[in-house]
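**Student:**
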Amino acid sequence: MSMPTHLTPSQRSELASLLQTTVQAIERQSTLHQEGLSLVEHAQQVLQQDGDDAPQRAGDREVDFAVSERDGQRLVALRRAQSRLNDPDFGHCIDCGVHIPFERLRIELEALRCVACESTHERKF
Ligand SMILES: [Zn+2]
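Residue numbers (our numbering): 4 to 128.
Set out below in C-alpha cells:
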C-alpha cells in the first residue's frame, strides 16, 4: 500500500515540463554529438590515406563514446521518471519510502532515492 504523492498538481506539472525540457536538450545535444562524431570519422578517413598517428585518434573516439553513453543512461532515467510522474508513489524514495522533497526533485529530476538512501546506495558501488 502506498501513500498518495505529497506533490501538488502544480509541482507535478512543473516537474513534467522540466523533464520534457531536459530530455529535449539532451536529445539535441546527442544529435549534435553524433554529427560531430561522423565529422571526426570522415576526417579520419581522409587522414588515413596519409597513415600515421591512428592510436591518438582511436583514444579520442573512446572519450566520445563514453560521453554519449552517459547521456544515454541519463535519458533512460529521465524517460522513466516521465512515465512514473503520475504514479501515486512518484516522489517516494524507492528504498525507504520517505517523501523526496520537491526541491530535490526539481534539481535532480531522475532522483529515485532520498539523500540518505542515495549516499548509502552510492557507497555500495
Ligand atoms: Zn530513502
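Just so it is clear, CB atoms sit at the ideal spot from N, CA and C, and this is done for glycine as well.
Computed from a predicted structure; not experimentally measured.
Under the rule that 16 or more other beta-carbon atoms within 10 Å means buried, what is Ile103, buried or exposed?
**Tutor:** Buried, since its Cβ has 16 or more Cβ neighbours within 10 Å.
**Student:** Alpha carbon to alpha carbon, how far is Arg116 from Asp92?
**Tutor:** Cα to Cα, the separation comes out at about 12 Å.
**Student:** For His102, which beta-bridge partners are listed by DSSP?
**Tutor:** Paired residue(s): His95.
**Student:** Shortest alpha-carbon distance to Ser122 belongs to which of Cys99, Gly94, Gln23 and Gly39?
**Tutor:** Closest by alpha carbon: Cys99.
**Student:** Give me the residue from His9, Ile97, Glu17 and Cys120 with the minimum Cα distance to Arg109.
**Tutor:** Comparing Cα positions, the closest option is Glu17.
**Student:** Please list, in chain order, all residues of the same chain as Ala19 whose beta carbon is under 7 Å from its beta carbon, the five residues on each side excluded.
**Tutor:** These residues qualify, in order along the chain: Leu88.
**Student:** Taking the C-alpha atoms as reference points, what is the distance between Glu106 and Arg126?
**Tutor:** Looking at the two C-alpha atoms, the distance is approximately 23 Å.
**Student:** From which residue to which residue does the alpha helix (DSSP H) around Arg126 run?
**Tutor:** From DSSP, the alpha helix (DSSP H) with Arg126 extends over Val118 to Lys127.
**Student:** Just to check my reading of the structure: Ser71 and Ser33 have Cβ atoms closer than 8 Å, yes? What is that Cβ distance to the nearest angstrom?
**Tutor:** So it is a contact: roughly 6 Å between Cβ atoms.
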